[in-house]
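Residue numbers (UniProt numbering): 1 to 399. Ideal Cβ positions, reconstructed from N, Cα and C, are used throughout, including at glycine. None of the values given here were measured: they were computed from a predicted structure. What follows is one structure encoded as structure tokens, with my remarks underneath.
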């Protein structure tokens with residue numbers, strides 16, 4: 001067996017001290033280094049960038065950060081806040097610490113907690129061991145999120161292997177803010193709250209949410225062990241009494257890798273951006289959207305999200321968050337007088353660049369004539385005092 005240490009972790013002052021002396025001794029005795037890797041960090045300084053000194057009274061005691069001070073000058077932040085501050089800091093240089101830095105760390109953790117709370121809340125009553133949907137049967141948007149989760153997991157694992165906890169934090173924050181909160185969570189609420197409890201669409205969504213919860217919890221566990229273990233206690237899919245830290249690392253499947261599907265959803269997202277920019281600050285659900293694309297790859301990709309020429313319930317409608325989506329090869333001549341027009345181009349890149357195609361598209365946005373459904377609150381009902389066709393069918397089956 002190799003008696004070398006996996007890593008030596010010390011301050012940069014040890015480059016001429018312990019790092020050097022142990023290296024010289026080991027090379028002299030065994031002709032090889034005593035460690036496989038070196039992790040060299042800087043030192044903590046005050047928020048003003050000053051070296052900490054008892055005489056200056058600017059020393060921050062880790063115990064006081066965790067438990068607070070008796071006079072209440074420093075609140076009890078807890079161990080997770082201190083660990084997050086260390087992780088997100090560039091530890092390879094001097095690191096500033098003080099109330100501002102700790103408050104920022106606490107706010108960052110709050111955003112992570114809110115994301116995990118949303119995931120847990122929408123998995124209530126879901127058992128992935130018996131109710132999970134096969135990836136190939138899942139909605140395309142849910143499959144796309146598993147594709148993104150796989151990429152996220154690989155990036156996080158690489159960052160940890162390079163001792164770069166700061167990069168882990170940045171990857172995690174980007175995934176939570178951009179991919180989850182701003183995108184996925186905003187479009188799935190209708191399916192989660194209004195579809196039948198055991199419907200394929202809702203179970204497909206919950207399958208994706210459970211995998212996301214597991215991946216995010218494991219990725220943050222080395223930094224926020226208390227929060228991660230707390231989440232794991234309430235997460236579905238494992239026996240009571242199991243512990244996160246004895247259940248392995250992030251799990252991801254090669255089946256989740258779907259580059260063709262990625263192009264379909266990202267092409268739709270490009271059109272979605274054009275649509276949302278046409279109605280800034282307004283509820284997109286109050287508008288009908290017509291998408292005109294010449295026959296070609298982009299049109300075929302959009303057809304995978306909506307087989308019908310017009311729909312209020314397709315996956316393309318869900319992604320666009322519109323009242324209705326019409327998919328056509330050219331815009332109609334008799335457009336609504338209040339129509340908003342927009343145009344764009346999406347570059348399709350498939351098979352590693354073997355297939356590349358610039359695909360122009362046009363959209364026409366018009367105020368919908370439909371009424372707001374009192375159940376799902378989407379503008380798909382004939383009148384304000386009746387349910388939309390989808391909700392009417394769901395309620396009828398329930399009774």
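ask   = What's the call for residue 188, buried or exposed, on a 16-neighbour Cβ count within 10 Å?
value = buried
task = Find the nearest neighbour of residue 35 within the set 278, 53, 20, 6, judged by alpha-carbon distance.
result = 6
ask   = According to the Cβ coordinates, are residue 123 and residue 242 closer than 7 Å?
value = no
Cβ contact (3+ pairs, closer than 8 Å) linking the segment 74 to 84 and the segment 120 to 138 = no
ask   = Can you give the Cα-Cα distance for residue 171 and residue 224, rounded to whole angstroms?
value = 15 Å
task = Could you check how far apart the C-beta atoms of residue 319 and residue 268 are, in whole angstroms? I think they sit under 8 Å.
result = 5 Å
task = Jot down the residue ranges of each uninterrupted alpha helix (DSSP H) in the segment 97 to 177, minimum 4 residues, whole runs only, in chain order.
result = 99 to 121, 128 to 131, 140 to 161, 165 to 174
query = Per DSSP, what kind of secondary structure is residue 355 in: helix, strand or coil?
reply = strand
message = For residue 216, list the residues DSSP reports as bridge partners.
response = In the DSSP output, where bridge partners are listed per residue, residue 216 has none listed.
ask   = residue 418 by DSSP, collapsed to three states: which one?
value = In the structure as shown, the chain begins at 1 and stops at 399. Residue 418 is therefore absent and cannot be evaluated.
message = To the nearest angstrom, how far is the alpha carbon of residue 259 from that of residue 149?
response = 13 Å
message = With DSSP as the reference, identify every bridge partner of residue 9, one or two as the case may be.
response = 39
query = Does DSSP classify residue 2 as helix, strand or coil?
reply = coil
task = Report the residue from 182, 325, 196, 295 whose alpha carbon sits nearest the alpha carbon of residue 393.
result = 196
key: Length at least 3, wholly inside the segment 314 to 392: the beta strand (DSSP E) runs in chain order   = 324 to 328, 340 to 350, 355 to 367, 379 to 381
key: Alpha-carbon spacing of residue 134 relative to residue 313, whole angstroms   = 22 Å
task = Using the Cα positions of residue 152 and residue 114, report the straight-line distance between them to the nearest angstrom.
result = 19 Å
ask   = Does the segment 385 to 399 come within contact of the segment 366 to 377, defined as at least 3 CB pairs closer than 8 Å?
value = yes
query = Going by other Cβ atoms of all chains shown within 10 Å of its Cβ, with 16 needed for buried, is residue 345 buried or exposed?
reply = exposed
query = So residue 95 packs on residue 42, CB below 8 Å; how close in whole Å?
reply = 6 Å
ask   = Between 202, 279, 154, 190, which lies nearest to residue 338 when the distance is taken from Cα to Cα?
value = 279
query = Apart from the five residues on each side of it in sequence, which residues of its chain come closer than 6 Å, Cβ to Cβ, to residue 40?
reply = 12
inquiry  = Looking only at its chain, what residues have a beta carbon closer than 6 Å to the beta carbon of residue 262, apart from the 5 residues adjacent to it on each side?
reply    = 147
ask   = Distance, Cα to Cα, residue 281 vs residue 160?
value = 40 Å
ask   = In this structure, what does DSSP give as the bridge partners for residue 288?
value = 324, 366
message = For residue 249, count the other beta carbons within 10 Å of its own beta carbon; 16 or more makes it buried, fewer makes it exposed. Which is it?
response = exposed
query = Would a C-beta distance cut-off of 7 Å place residue 44 and residue 109 closer than the cut-off?
reply = no
query = Pick from 165, 33, 18, 67: whose alpha carbon is nearest that of residue 91?
reply = 165
task = To the nearest angstrom, report how far apart residue 221 and residue 336 are at their CA atoms.
result = 54 Å
request  = Work out the CA separation of residue 173 and residue 2 for me, nearest whole Å.
outcome  = 37 Å
key: Simplified DSSP state of residue 189, which is helix, strand or coil   = helix
message = Out of 192, 16, 18, 62, which one is the CA nearest neighbour of residue 120?
response = 192
Beta strand (DSSP E) segment containing residue 45, residue limits = 44 to 46
Cut-off 8 Å between Cβ atoms - residues of its own chain near residue 100, not counting five sequence neighbours on either side = 47
query = What does a CB cutoff of less than 7 Å around residue 308 pick up in its chain, not counting 5 residues either side in sequence?
reply = 314
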